[in-house]
Amino acid sequence: MTAAPQARPGGESGALALEGITRRFGDFTAVDNVSFQVGPGELLALVGASGSGKTTTLRIAAGYETPDSGRVTLGGADLTRVPPERRGFGMVFQHYALFPHMSVENNVAFGLEARGVNKVDRLIKARAALANVGLEGAGDRPIQSLSGGEQQRVALARALVIEPKALLLDEPLSNLDPNLRETMRDDLRRMLRRVGVPALFVTHDQEDAFAIADRIALLKRGRVLQCGTPEELYHSPASREVAGFIGRGVVVPAIDKGATAEVTIGGVKRELPVTRAKDAPPKIENAFVVMRPNSIEMSKGAGVFPWRGKVVNRRFAGGVEVYRVELGEGITVDVESQTADVHEGDNVSVAPLKRAFPLVAG
Amino acid sequence: MKSSSRRNSWIIAGPVIALLVWAVIYPNAAVVAGSFENGLGHWREFWASPADHEALITSLVISVASVFASLAIGVPLAFLLGRFEFPGRRLLRAVATLPAALPPLVGVIAFLFLYGESGLVTRAIQRAFGMSEAPWQLRGVGAIVFVHAYTMYVYVFLFVSAGLERFDSSLDEAASGLGANTWQRLRRVTIPLLMPAVAGSALLVFMNALGSFSAPYVFGGGLRVLSTQILNSKTNGAMGLAYVETTVLALSAVAGLALFRWLDRKRKYTLASKGGRARRAIRSRKVQVLTTVGAAIIVIALVLPHLMVILVSFARDGSWTTQVLPPEYTFENYRRLFSEAELWRPITNSVSMALIATGANLVVCFLAAYLIVFRKFGGRRFLELLVALPWAIPATAIALGLAATFNRNDPLTGRVLLVGTFWILPLAYFIRDTPLVSSAVESSLRQMDASLEDAARGLGASWLMTMRRVIIPAARPGLVAGGLLAAVAAVGEFVASVVLYTHANRPISMEILAQLRALAFGTAAAYSVLLILLVLLMTLAARSFEERLA
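Residue numbers (my numbering), protein chains in the order written: chain A, 585 to 946; chain B, 2 to 551.
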């Protein structure tokens, strides 16, 4: 393999930071006082449903949008008003935005051409960059002849060959079919890691974010709900909303007792060990515990476990069955179970497993 | 099943193809054959004639210059209106396509009234600066290209505007993210991606300018071009030479077409239509003022020809001599048009001939489009060529072909005497408008799911019922749009008419020319206004028809 043309890990670029970014479109506030920082070599995922402001945030980082207030900095230097062509960032667009009238290698060489690199050098570098993404020898092909996965790699090579000071990716995996998606996750993480610059990517898919990102910023209605490692968001969600989005948890009312919380369902009280977010208050009023399908066990019949319920739905999720159990008082939980002899309409009983449950404010 | 559907195809395709071969191929073949009627004699005559050399070169020069002039106006205007927001933008957008609404001869006489030796603008400048002579003469290549640019830039403007609208703005963003500045983006991304639109419109301008007749005829001032040269030879009875000139003109057009196809050969991509980016407001106050003033000047220049024709239509014939504006105004011109039978005649002629031609176009082109889109049979490619061919042949050449072929009754060779009768002009209009109507209907039918026809037949509908309830409704937008364009083109047609008309079936355009020659400017302008109103009326009728059905 030829020497990688990208910047060395820990290269010249510093951390990419967004500080108090707000962007309004008319009456609509797309991005509302968003702040976060991405260090060199770090992968941060902006996660959220559509309309959460994640793409606008990315476009502000790239320079395609100017924030109404707030700053974008790289290594401390203010870039807020610097146009995209002078930021030196690499961007991968959702639909790749490959130039349809150019060959693969001319697409990749375009950024070098814009920088006045001579033709021989830029073609050598473009070919090396294509080899880096596993597309050696594809340089002459027209863009139209590439598959979706190949187009994605070309877009990545085009962003990497300019030795970007930061990498920005807009839904880089959303156009790939599920099988390809799995393998591209690993490839993408490996390649981004090797470049050693801050990398920011947008996705609506939390599994993509878990598989690739070092940290995740969860956005809703233009605000950052929580920013932390995937484990933090999963095990110590900062709010009910985070718990509902990450890991598909169901929240059940509880009374905060410090290291534990008291949960009462159908008159049966249980005390559960809990974890809480780093900056959560020592005592949460109006508290809820988060119950995920893999933190509850279930048995057929009413008498085995403390909480009684009825199965309203059952689906096979590859290796396990997931049962939806109505516990009364408006509480319905999902339970993962290996047992297969329970059917819709059966009476069951459930119990929390012996583990810590996330505790959040309502 | 398969063979029966194939046989069915031929039941419709047979007559359609036969009719088009008879009307399109046969006359043109007759012209080519006629050019060789005494061996290479007529061709030697052509090569030896300095006048014909001049005509060929001038035709090509005018065509190429018209392309560049139209690009120079159309491309910047499309960018200005497509990419920027400024006061007056909507007004400018509304009038930008106005020149296309002028029938060809009307545009030419409007320019005569405005910029001719005794035109309004010319006289006004002459007076303002106290010159003893007109500051310019509306003559020669320059004048012809000037008129062409005014009427034909609309093609470029429309094509490039559509291209800009379909332009995927993320490509532009990707380029700027990779470090390309405004100029680099324009040169490497925007312009290459707009090239198909530019090339397509340039081809249209080239073909139109090459076949153009009215501007060279009125402004030529002794200048020779191929199309006028053909009429000269025919008038002088030198039919052999006219055949050669016609063949050369048609070959030039086909060569131009082939050249453009070849230049565009490498393109395999299409622009994804993801919606262009929003228009940018012009920030700098100075640029904004300049843009608005510029827009105002363009708006006036675009509207002026229409206004001028309307004004002159109220001028008393013979009263406008050396004044800047016509001195006397009257309703007399209009009153005479409606009251004198001889003056009313061209109007009924044009309307009835346009209706006949358009009716025939609708029937034949619908069947042809249906066969091309839905049927697989041996003659499909040939049929496609037949309906497109008249587009590549200049109207003067088509007209001369008809004159050469349908000049006697001879059932054995398929000749019918039409020259000198009423029917020759509707036939010419029908041929000229066939490509237009066919492609409009084709594009409507292509949007229809081909399995709908099978579904209807599967539900037990007869072929006729399937046509009536499924296919014709799907083709309707194309039929209405194509029919409108054909009727508009036919009612103001000049180029083929000037070769083929007789006094009895003279259309409006020929009467305008006759009035102009008699220096009856007011009457000529009144006919022009009437023609514009007819076009407007047909457009409104087509629109309301479409709305009522939709």
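Cβ coordinates follow ideal geometry from the N, Cα and C atoms, glycine included.
Proximal residues of chain B, C-beta to C-beta of A:Arg742 below 9 Å: As a working mapping, residue 742 of chain A is identified with position 158 in the first sequence. Those are Ala175, Leu179, listed as they occur along chain B.
Per-residue DSSP class, three states only, for B:Trp184: Within the second sequence, the letter at position 183 stands for residue 184 of chain B. Of the three classes helix, strand and coil, the one that applies to B:Trp184 here is helix, per DSSP.
Contacting residues, own chain, Cβ-Cβ under 8 Å from B:Thr524 (five flanking each side not counted): For the purposes of this step, residue 524 of chain B is identified with residue 523 of the second sequence, where counting begins at 1. For B:Thr524, where only same-chain residues beyond five positions count, the Cβ hits under 8 Å are Asp318, Asn334, Arg337, Leu338, Leu344, Gln516.
Take B:Pro77 as the anchor and find which of B:Ala462, B:Ala49, B:Val199, B:Val142 has the nearest alpha-carbon. By one-based count along the second sequence, residue 77 of chain B stands at place 76. Selected option, being the one with the closest Cα: B:Val199.
Take B:Leu326 and list the residues in its own chain whose beta-carbon comes closer than 8 Å to its own, dropping the five residues that flank it on each side. As a working mapping, residue 326 of chain B is identified with position 325 in the second sequence. Contacts found: Leu121, Leu312.
Endpoints, the alpha helix (DSSP H) within which B:Tyr330 is located: To locate residue 330 of chain B, count along the second sequence from 1; it is residue 329. No alpha helix (DSSP H) holds B:Tyr330; DSSP gives it neither H nor E.
Distance between B:Asn182 and A:Leu696 (C-alpha atoms, nearest Å): For the purposes of this step, residue 696 of chain A is identified with residue 112 of the first sequence, where counting begins at 1. For the purposes of this step, residue 182 of chain B is identified with residue 181 of the second sequence, where counting begins at 1. Those two C-alpha atoms are separated by around 13 Å.
Please report the straight-line C-alpha distance between B:Gly89 and A:Thr813, rounded to a whole angstrom. The sequence position of residue 89 of chain B within the second sequence is 88, counting from 1. The sequence position of residue 813 of chain A within the first sequence is 229, counting from 1. Their backbone Cα atoms lie some 54 Å apart in a straight line.
How do the stretch 200 to 220 of chain B and the stretch 60 to 73 of chain B stand: do at least 3 beta-carbon pairs fall below 8 Å, yes or no? yes
I want to see whether chain A comes within less than 8 Å of B:Ser285, judged by CB atoms only; does it? Residue mapping note: residue 285 of chain B aligns to position 284 of the second sequence, counting from 1. No, B:Ser285 does not count as interfacial toward chain A.
What residues of chain B sit near A:Arg699, judged by a beta carbon separation below 8 Å? Counted from its first residue, the first sequence places residue 699 of chain A at position 115. Within chain B, the residues near A:Arg699 are Gly180.
From B:Gly223 to B:Val304, what does the alpha carbon distance come to, in whole angstroms? Start at 1 with the first residue of the second sequence, and residue 223 of chain B comes out as number 222. Start at 1 with the first residue of the second sequence, and residue 304 of chain B comes out as number 303. Each residue's alpha carbon lies about 30 Å from the other.
Relative to the C-alpha of B:Thr236, which residue among B:Leu401, B:Ala101, B:Glu166, B:Ile432 is closest? By one-based count along the second sequence, residue 236 of chain B stands at place 235. The option with the nearest alpha carbon to B:Thr236 is B:Leu401.
Does the distance from the CB of B:Ser253 to the CB of B:Ala243 come in under 8 Å? Numbered from its first residue, the second sequence carries residue 253 of chain B at position 252. Numbered from its first residue, the second sequence carries residue 243 of chain B at position 242. In this structure, B:Ser253 lies away from B:Ala243, with their beta-carbon atoms at least 8 Å apart.
Taking 8 Å as the limit between beta carbons, can you name the residues of its chain near A:Ala793, skipping five residues before and five after? Position 209 of the first sequence, counting from 1, holds the residue named residue 793 of chain A. Correct list, in chain order: Ala629, Val631, Thr787, Ile800, Pro814.
Since A:Arg892 and A:Ser933 should fall inside the 8 Å C-beta cutoff, what is the C-beta to C-beta distance between them, to a whole number of angstroms? If you number the first sequence from 1, residue 892 of chain A lands on position 308. If you number the first sequence from 1, residue 933 of chain A lands on position 349. Between A:Arg892 and A:Ser933 the beta-carbon gap is near 5 Å, inside 8 Å, which marks them as a contact.
Checking contacts by CB at 8 Å: is B:Val161 closer than that to chain A? On the second sequence, residue 161 of chain B is found 160 positions in, with the first residue counted as 1. Contacts with chain A at 8 Å (Cβ-Cβ) do not include B:Val161.
Buried or exposed, going by whether 16 or more other CB atoms sit within 10 Å of the CB of A:Ala591? For this step, residue 591 of chain A is matched to residue 7 along the first sequence. Note on A:Ala591: pLDDT 38, under 50, position unreliable in the model; no value is reported.
Can you confirm whether B:Val190, when its beta carbon is compared against all beta carbons of chain A, has any partner nearer than 8 Å? The residue labelled residue 190 of chain B in the question sits at position 189 within the second sequence. Output row for B:Val190: interface = yes.
When you compare only the Cα positions, how much space is there between A:Ser634 and A:Ala741? Against the first sequence, residue 634 of chain A aligns to sequence position 50. Against the first sequence, residue 741 of chain A aligns to sequence position 157. Approximately 27 Å, taken between the alpha carbons.
Mapping the DSSP letters down to three states, classify A:Pro593 as helix, strand or coil. Within the first sequence, numbered from 1, the residue matching residue 593 of chain A stands at position 9. With a pLDDT of only 41 at A:Pro593, under the threshold of 50, the placement of this residue in the model should not be trusted; the figure read from the coordinates follows. Coil at A:Pro593, not helix or strand.
Since B:Gln289 is in the alpha helix (DSSP H), which residue starts that stretch and which ends it? For the purposes of this step, residue 289 of chain B is taken as the residue at position 288 of the second sequence. First-last of the alpha helix (DSSP H) with B:Gln289: 286 to 313.
Helix, strand or coil for A:Ser883? Go by DSSP, reduced to three states. Stepping through the first sequence from its first residue, residue 883 of chain A is reached at position 299. A:Ser883: strand per DSSP, three-state reduction.
Give a yes or no on whether 8 Å exceeds the smallest Cβ distance from B:Ser234 to chain A. As a working note, residue 234 of chain B is residue 233 in the second sequence. Not one chain A Cβ lies under 8 Å of B:Ser234.
So, are the CB atoms of B:Ala491 and B:Asp455 less than 8 Å apart? Here the question's residue 491 of chain B lines up with position 490 in the second sequence. Here the question's residue 455 of chain B lines up with position 454 in the second sequence. Contact flag unset, no.
Is it true that the CB of A:Gly723 sits closer than 8 Å to the CB of A:Val676? As a first step, residue 676 of chain A must be located in the first sequence, where it is residue number 92. As a first step, residue 723 of chain A must be located in the first sequence, where it is residue number 139. In this structure, A:Gly723 does not lie closer than 8 Å to A:Val676 by Cβ.
Counting only the same chain and skipping the five closest in sequence on each side, list residues whose C-beta sits under 8 Å from that of B:Ser5. The residue labelled residue 5 of chain B in the question sits at position 4 within the second sequence. Annotation note: pLDDT 48 at B:Ser5 (below 50); position unreliable, coordinate value reported separately. Result list for B:Ser5: empty, nothing under 8 Å.
Quick one: what's got a C-beta closer than 7 Å to A:Pro668's C-beta in the same chain, skipping five residues either side? Start at 1 with the first residue of the first sequence, and residue 668 of chain A comes out as number 84. Cβ within range, chain order: Ala646, Gly647, Tyr648.
Hey, how far is the Cα of B:Phe315 from the Cα of B:Ser529? Locating residue 315 of chain B in the second sequence gives position 314, counting from the first residue. Locating residue 529 of chain B in the second sequence gives position 528, counting from the first residue. Distance between the alpha carbons of B:Phe315 and B:Ser529: 12 Å.
Taking all protein chains shown into account, do 16 or more other C-beta atoms lie within 10 angstroms of the C-beta of A:Val736, making it buried, or fewer, making it exposed? On the first sequence, residue 736 of chain A is found 152 positions in, with the first residue counted as 1. According to the sequence displayed, residue 736 of chain A carries Gln and not Val. Label assigned to A:Gln736: buried.
In angstroms, rounded to a whole number, what distance separates the CA positions of B:Ser285 and A:Asp662? The residue you call residue 285 of chain B lines up with position 284 of the second sequence. The residue you call residue 662 of chain A lines up with position 78 of the first sequence. About 25 Å.
Does B:Val146 pass the burial test, meaning 16 or more other C-beta atoms within 10 Å, or should it be called exposed? One-based indexing of the second sequence puts residue 146 of chain B at position 145. With 16 or more other Cβ atoms within 10 Å, it is buried.
Hey, how far is the Cα of A:Phe941 from the Cα of A:Ile868? If you number the first sequence from 1, residue 941 of chain A lands on position 357. If you number the first sequence from 1, residue 868 of chain A lands on position 284. Distance between the alpha carbons of A:Phe941 and A:Ile868 is about 14 Å.
Along the chain, where does the beta strand (DSSP E) that runs through B:Arg124 open and close? Here residue 124 of chain B refers to the residue found at position 123 when the second sequence is read from its first residue. Note, B:Arg124: premise wrong, no beta strand (DSSP E); alpha helix (DSSP H) at 121 to 129.
So what does DSSP say about A:Met875, is it helix, strand or coil? On the first sequence, residue 875 of chain A is found 291 positions in, with the first residue counted as 1. Strand at A:Met875.
Output, in chain order, the set of chain B residues within a Cβ distance shorter than 7 Å of A:Ala661. Taking the first sequence and counting its residues from 1, one reaches residue 661 of chain A at position 77. Near A:Ala661 there are no residues of chain B at all, since even the closest Cβ is about 17 Å away, more than 7 Å.
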